[in-house]
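Here the structure is laid out as structure tokens; the discussion comes afterwards.
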Amino acid sequence: GQNIDQPTEMTATEGAIVQINCTYQTSGFNGLFWYQQHAGEAPTFLSYNVLDGLEEKGRFSSFLSRSKGYSYLLLKELQMKDSASYLCAVGRNTGFQKLVFGTGTRLLVSP
Amino acid sequence: EADIYQTPRYLVIGTGKKITLECSQTMGHDKMYWYQQDPGMELHLIHYSYGVNSTEKGDLSSESTVSRIRTEHFPLTLESARPSHTSQYLCASSERGGPYNEQFFGPGTRLTVL
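So the sequences go chain by chain: A and B.
Read in order, the letters of the first sequence are residues -5 to 105 in my numbering.
Read in order, the letters of the second sequence are residues 3 to 116 in my numbering.
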């Protein structure tokens, strides 16, 4: 089976840096995705890692260690609009590329 | 900008009614998916499709059914709605091929069965 763990909630202040961790156990690993989901809205793609290391994209960076089954999403220069849930999803290649989602981390950014 | 649409956005319906949730995408994607998400919980894959005339059950058992007669259209049907079907249903699509398979999500349908 697969198991994805991430913290339920985090809080941070505007302008700060926050790191959201995700650990996973899965077979057929084929990449790790981060999505952002505002309340009542659809998830939107943030990042994808398939090789170990850091991927940077503007204020957001994502890191992957396949040997440790570990990823994190780093958000810099936090803005109020970053208040959302951040979903860690593992890609599994079982003949069909599927995504298995964690429960998400609800981030609250305060002034 | 992803072009994937779902209707209705919100639906409140009585027990026993038959309902169809619509999903359409204009990106020409072969793969399409249906997820179910309860508040504060993870998305669960309930159906997926490789392409026209292909449908498969997902990881979470669901009493719903799907069809894929056209590439752009992937409707989900509940023959007899029950309160346990109350949830948010999200449709997604992605391109065929390659390991990198970003999924584009529709806005979702929030279903309440009374």
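Just so it is clear, CB atoms sit at the ideal spot from N, CA and C, and this is done for glycine as well.
A quick note: this is a predicted structure, and the numbers were derived from the prediction, not measured.
query	result
Whole-angstrom C-beta distance between GLY96 of chain A and CYS82 of chain A, which should lie under 8 Å	4 Å
Reference PHE54 of chain A, options A:GLN30, A:ALA36 and A:SER61, closest by Cα	A:GLN30
CB contact check: MET34 of chain B to chain A, cutoff 8 Å	no
C-beta neighbour in chain B for ALA78 of chain A, strict 8 Å	no
Chain-ordered residues of the segment 33 to 54 of chain B with a beta carbon less than 9 Å from chain A	LYS33, TYR35, TYR37, GLN39, GLY42, MET43, GLU44, LEU45, HIS46, LEU47, TYR50 and TYR52
Listed by chain order, chain B residues near LEU40 of chain A by CB distance under 9 Å	Chain B residues near LEU40 of chain A: none, gap ~10 Å exceeds 9 Å.
Selection from B:GLU65, B:SER69, B:GLU74 and B:TYR91 that minimises the alpha carbon distance to GLU81 of chain B	B:GLU65
Proximity of ARG11 of chain B and PRO109 of chain B at Cβ, strictly below 8 Å	yes
Minimum Cβ-Cβ distance from ALA36 of chain A to chain B less than 8 Å	yes
Beta-carbon contacts of LEU48 of chain A that lie in its chain and below 7 Å, excluding the five residues immediately before and after	SER55 and PHE57
Simplified DSSP state of GLY(-5) of chain A, which is helix, strand or coil	Below a pLDDT of 50, predicted positions are generally treated as unreliable, and GLY(-5) of chain A, at 48, falls in that range; the measurement from the model is reported next regardless. In this structure, GLY(-5) of chain A counts as coil in the three-state DSSP scheme.
Within-8 Å CB hit, LYS92 of chain A to chain B	yes
Per-residue DSSP class, three states only, for LYS20 of chain B	coil
Neighbourhood of ASP76 of chain A by C-beta distance below 7 Å, restricted to the same chain and skipping five residues each side	LEU69, LEU101 and VAL103
Residue range of the beta strand (DSSP E) that includes TYR18 of chain A	12 to 19
Chain B residues whose Cβ lies nearer than 9 Å to that of PHE95 of chain A	TYR37, GLN39, GLU44, LEU45, HIS46 and LEU47
Chain A within 8 Å of GLU97 of chain B, Cβ atoms only	no
Exposed unless 16 or more other CB atoms sit within 10 angstroms - verdict on THR99 of chain A	buried
Minimum C-alpha distance to ASN87 of chain A - residue among A:MET4, A:LEU26, A:GLU71 and A:THR7	A:LEU26
Contiguous beta strand (DSSP E) assignments of at least 3 residues, all confined to the segment 40 to 96 of chain B	46 to 51, 78 to 80 and 89 to 96
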